[in-house]
Amino acid sequence: MAFGVAVLGLDHWYTAFGVLDICAASPDTPLISVYEAHKGRRAEIAAKYPGVLVTDSAGEALAAPGVELVCVCARTGDAVELSKRALFVGKHVVSVKPFARTVAEAQEVLRIAAESGRFFGSFEGMQRLHPRAETLREIIESGAVGDIIAFHQVGHGSLPAPWRGKKSGGDSWWLDPEQVPGGAWIDHAIYAIDLARFALGGEITQTVGATIANRVHETLPVEDYGAAILTLTPGDTERRQVTCYIADSWCSEPGAGYGEYRFIGTRGTITAEAYATWIVRTSTDETRHDWEPGAFFRFDRLAALLTNG
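So the sequence shown is residues 687 to 995, counted in our numbering.
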């Protein structure tokens with residue numbers, strides 16, 4: 687039986703259009719309904735995805751027959767209440783990241799999810815179902831590069847665009863401190879930290895040092911640069927602690943960004959190349975580990991897990 691998907695809000699359009707395209711083409715997790723308050727956006731979505739219920743009522747989108755999973759792509763300030771509404775009516779939820787503005791908001795959503803018995807997660811966690819993350823974990827667990835002692839990540843990009851086709855840095859919710867808990871660092875680092883936790887089987891246990899700043903966009907009300915040194919402690923007590931160096935920015939000009947993922951082990955390194963392969967280098971060898979191409983969000987796998995366990 688199909689595991690229908692509703693999308694609530696389109697503010698995080700980078701994610702939203704990925705969700706819409708994937709689900710509109712999927713017989714297993716079909717796109718059923720879309721809620722969006724903005725009239726012009728509704729018209730655009732209705733034209734692009736005929737046959738999908740596009741509405742200005744979140745309640746109507748949630749009540750559409752066949753909806754099992756709700757993808758909240760609204761701005762963080764609205765996502766909290768939308769996630770709670772979806773959980774209250776018995777839907778599984780994957781929410782925008784970050785899914786709350788404060789720890790208290792996050793704890794409230796998680797409490798409601800636990801009480802409802804429904805799944806709740808945010809979009810950075812969806813990478814755990816992707817072959818990229820699974821391949822990385824397999825390489826690490828194989829011992830090919832020895833014990834991992836450090837992880838370096840850099841995400842150097844430009845300011846977000848408010849909508850697809852719009853200019854980078856235009857007025858948007860990403861730059862509004864009333865809507866988000868932070869700027870560039872949290873926007874990018876959230877993916878890197880989740881990947882490290884998954885691949886290394888551990889949790890962040892210490893902040894060694896951190897800084898946030900406005901290096902280029904001096905009047906921006908959120909940071910355009912951040913860096914942190916964190917300690918990750920693996921759940922396997924025989925593994926070594928890992929130092930994570932996480933540096934992210936919105937300081938580049940459009941098209942001039944840079945990204946890096948590098949795991950440093952006692953016998954070699956693992957480095958991401960573009961978005962297609964992990965390269966393993968040791969003193970005696972270099973090997974490439976491609977992962978299965980395809981959609982970033984594997985909703986079919988999530989649906990199977992939620993249906994079959």
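Cβ atoms here follow ideal geometry from the backbone N, Cα and C, with glycine treated the same way.
Residue range 739–741 is occupied by the beta strand (DSSP E) that includes residue 741, with no alpha helix (DSSP H) assigned at that position. One alpha carbon belongs to residue 794, the other to residue 715, and they sit about 28 angstroms apart. Judged by their CB atoms, residue 694 and residue 805 are not nearer to each other than the 9 angstroms cut-off. Between residue 829 and residue 780, the gap from beta carbon to beta carbon reaches 9 angstroms or more.
In the three-state reduction of the DSSP assignment, residue 970 falls in the coil class.
The DSSP-derived three-state label of residue 874 is helix.
Beta-bridge pairing by DSSP links residue 920 to 888. Short of 6 angstroms from the beta carbon of residue 763, and not among the five residues preceding or following it, lie these beta carbons of its own chain, in chain order: 865. The Cβ atoms of residue 785 and residue 769 lie closer than 9 angstroms to each other.
Here DSSP, grouped into helix, strand and coil, assigns residue 808 to strand. In the displayed model, residue 937 falls within coil according to three-state DSSP, outside both helix and strand. Judged by their CB atoms, residue 836 and residue 937 are not nearer to each other than the 9 angstroms cut-off.
Your pair residue 813 and residue 880 checks out as a contact, with CB atoms roughly 7 angstroms apart and the cut at 8 angstroms.
Residue pairing of residue 949 in beta bridges, as defined by DSSP: 837, 956. Segment contact: the segment 938–957 against the segment 836–851, three or more CB-CB distances shorter than 8 angstroms; contact assigned. Rounded to the nearest angstrom, the gap between the Cα atoms of residue 984 and residue 775 is 24 angstroms. For residue 862, the three-state secondary structure derived from DSSP is coil. As the crow flies, the alpha-carbon of residue 990 is around 46 angstroms from that of residue 905. A distance below 7 angstroms between beta-carbons, with the five flanking residues on each side excluded, links residue 922 to the following residues of its chain, in chain order: 887. Where residue 709 is concerned, the enclosing alpha helix (DSSP H) starts and stops at 699–710. Per the Cβ contact rule, the segment 949–969 is not in contact with the segment 892–905 (fewer than 3 Cβ pairs under 8 angstroms). Put simply, of 952, 778, 914, 844 the residue whose alpha carbon is nearest the alpha carbon of residue 876 is 914.
In its chain, beyond the 5 residues on either side, 985, 986 have a beta carbon closer than 8 angstroms to the beta carbon of residue 712. Taking a 10 Å sphere around the C-beta of residue 743, we find fewer than 16 other C-beta atoms and assign the residue as exposed.
Counting only residues of its own chain and dropping the five nearest sequence neighbours on each side, residue 705 has a CB closer than 7 angstroms to the CB of 693, 757, 759, 983. By DSSP's assignment, residue 898 forms a beta bridge with 912.
If you check the CB distance, residue 722 and residue 738 do not come in under 9 angstroms.
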